[in-house]
Amino acid sequence: MGEQQSLLAEQRRAVIADEVRRRGGVRVNELTRRLGVSDMTVRRDLDVLARQGVLEKVHGGAVPPADASAHEPGFEAKSGLEPDAKESIAREAAALVSPGTAIALSGGTTTYALAKRLTGVADLTVVTNSVRVADVFHAAQPGAERQAAVVLTGGVRTPSDSLVGPVADQAIRSLHVDVLFIGVHGIAPEAGLSTPNLAEAETNRCLVRSARRVVVVADHTKWGTVGLSSFATLDQVDTLVTDDGLDEQARAEVAERLRQLVVAGPQG
């Protein structure tokens with residue numbers, strides 16, 4: 001019986017490792033359904049695989065090892081990480097948007113959550129390099145007078161469903177927006193804003209230059225994380241909207257460098 005249980009455990013862990021490599025991350029609740037085991041069993045398997053260096057545990061799931069600074073998780077994998085924090089951040093960020101303005105939304109799961117809260121804001125012009133964000137506005141059917149005008153850049157699609165590269169860069173360089181809401185892979189005092197995708201870094205630089213005001217939307221797990229390529233310094237950021245998981249030391253560092261810090265509390 002012990003040998004059979006061990007074999008089953010190895011089979012489970014092989015499946016988990018394959019899912020992490022193939023999809024860029026997995027959620028615990030997905031694994032419990034797929035493998036037909038308890039939450040505790042899945043978490044024990046993740047502990048073993050983390051000790052072996054196969055993956056890194058994160059809140060609610062696992063991603064490939066953090067030392068792969070060039071690794072870019074897919075949209076579905078990232079969407080399962082810190083979902084409550086993203087919704088709280090989206091709520092606070094939406095309050096910064098005024099009717100009749102031109103805004104830009106970068107790719108990412110937090111900006112996607114924000115887009116869903118902006119479909120009722122009147123007379124918006126939305127510039128985005130995110131296929132997912134554009135779909136949110138196109139799928140919304142408010143009154144014609146409230147429908148946002150969406151400008152979707154061209155470009156090459158990344159694992160996170162952003163459009164990047166020379167085509168996207170050229171389109172963005174010709175535009176000017178009131179506010180940019182940008183998601184990040186990582187934000188750190190020295191490295192600033194960063195991403196594991198080199199082409200996305202250049203497109204993000206174009207987005208930052210296009211905006212009169214730059215608002216970063218990032219949950220607390222992004223603080224201290226550094227991707228392969230930096231695309232903006234903290235001096236270029238006006239506002240960080242994050243969640244209340246950000247510790248006091250990090251808040252103090254942000255307050256020293258940014259004009260405004262908005263901390264979103266739990267959703268009521």
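Per full-length UniProt numbering, the sequence shown runs over residues 1 to 268. Using N, Cα and C, we set each Cβ at its ideal position, and we do this for glycine too.
Within the same chain, show all residues whose beta-carbon is closer than 8 Å to that of residue i, passing over the 5 residues directly before and after it, in chain order.
i: L261; result: T239, L240, T242, R251, V254, A255
i: G100; result: A122, D123, L124
i: N129; result: S106, G107, L152, T153, G155, S162, L163, V164, A168, I172, T203, L207
i: D47; result: K57
i: R51; result: none
i: S38; result: T32
i: A158; result: Reading off the sequence shown, one finds Thr at residue 158, where the question assumed Ala. For T158, where only same-chain residues beyond five positions count, the Cβ hits under 8 Å are E72, G107, V164, N197, A199, E200.
Measure from the alpha carbon of residue i to the alpha carbon of each residue in the options, then state which is nearest.
i: D178; options: V126, D169, K116; result: V126
i: L258; options: E248, A211, L114, Q236; result: Q236
i: H220; options: A115, Q249, D47, V164; result: Q249
i: A232; options: L152, N204, R44; result: N204
i: F137; options: R157, V156, Y112; result: Y112
i: A148; options: A104, R213, E190; result: A104
i: D84; options: L114, V63, A102; result: L114
i: R213; options: L8, A9, A102, E87; result: A102
Indicate whether residue i and residue j have their beta-carbon atoms separated by less than 8 Å.
i: D161; j: R132; result: yes
i: N197; j: V167; result: no
i: I182; j: S210; result: no
i: L180; j: V208; result: yes
i: G61; j: G25; result: yes
i: L246; j: G192; result: no
i: V42; j: V58; result: no
i: P65; j: L49; result: no
i: V150; j: A134; result: yes
i: V20; j: V63; result: yes
Which residues share a DSSP beta bridge with residue i?
i: V126; result: I103, V150
i: V156; result: V164
i: T239; result: V215, Q260
i: T195; result: S229
i: V58; result: G61
In chain order, what residues of the same chain have a beta carbon less than 7 Å from the beta carbon of residue i, not counting five sequence neighbours either side?
i: L118; result: A94, V97, L124
i: G186; result: S194, K222, T225, V226, G227
i: I89; result: T110, V217, D219, V241, T242, D243, A264
i: E229; result: The question names Glu, but residue 229 in the sequence shown is Ser. Here the set comprises S194, T195, L198, A201.
i: K86; result: T109, T110, A113, D219
Give the secondary structure of residue i by DSSP, where H, G and I count as helix, E and B as strand, and everything else as coil.
i: E190; result: coil
i: A232; result: strand
i: Q52; result: coil
i: residue 274; result: In the structure as shown, the chain starts at 1 and stops at 268, and residue 274 therefore has no counterpart that could be examined.
i: D219; result: coil
i: A90; result: helix
i: D178; result: strand
i: V26; result: strand
i: V136; result: helix
i: P266; result: coil
i: residue 309; result: With the chain running from 1 to 268 in the structure shown, residue 309 is simply not present.
i: T32; result: helix
i: T203; result: helix
i: T119; result: coil
i: A17; result: helix
For residue i, which residues from the same chain have a beta carbon less than 6 Å from its beta carbon, with the 5 sequence-adjacent residues on both sides left out?
i: G108; result: G183
i: R12; result: L35, D45
i: A70; result: Because the pLDDT at A70 is just 47, under 50, the model does not fix this residue reliably, and the point stays unresolved.
i: S6; result: Only weak support exists for where S6 lies, its pLDDT of 48 falling under 50; the value from the coordinates is given anyway. Contacts found: none.
i: A188; result: G224, V226
Hey, does residue i have any beta-carbon neighbour from chain D nearer than 8 Å?
i: D84; result: Absence of chain D from the displayed structure is noted, only one protein chain being present.
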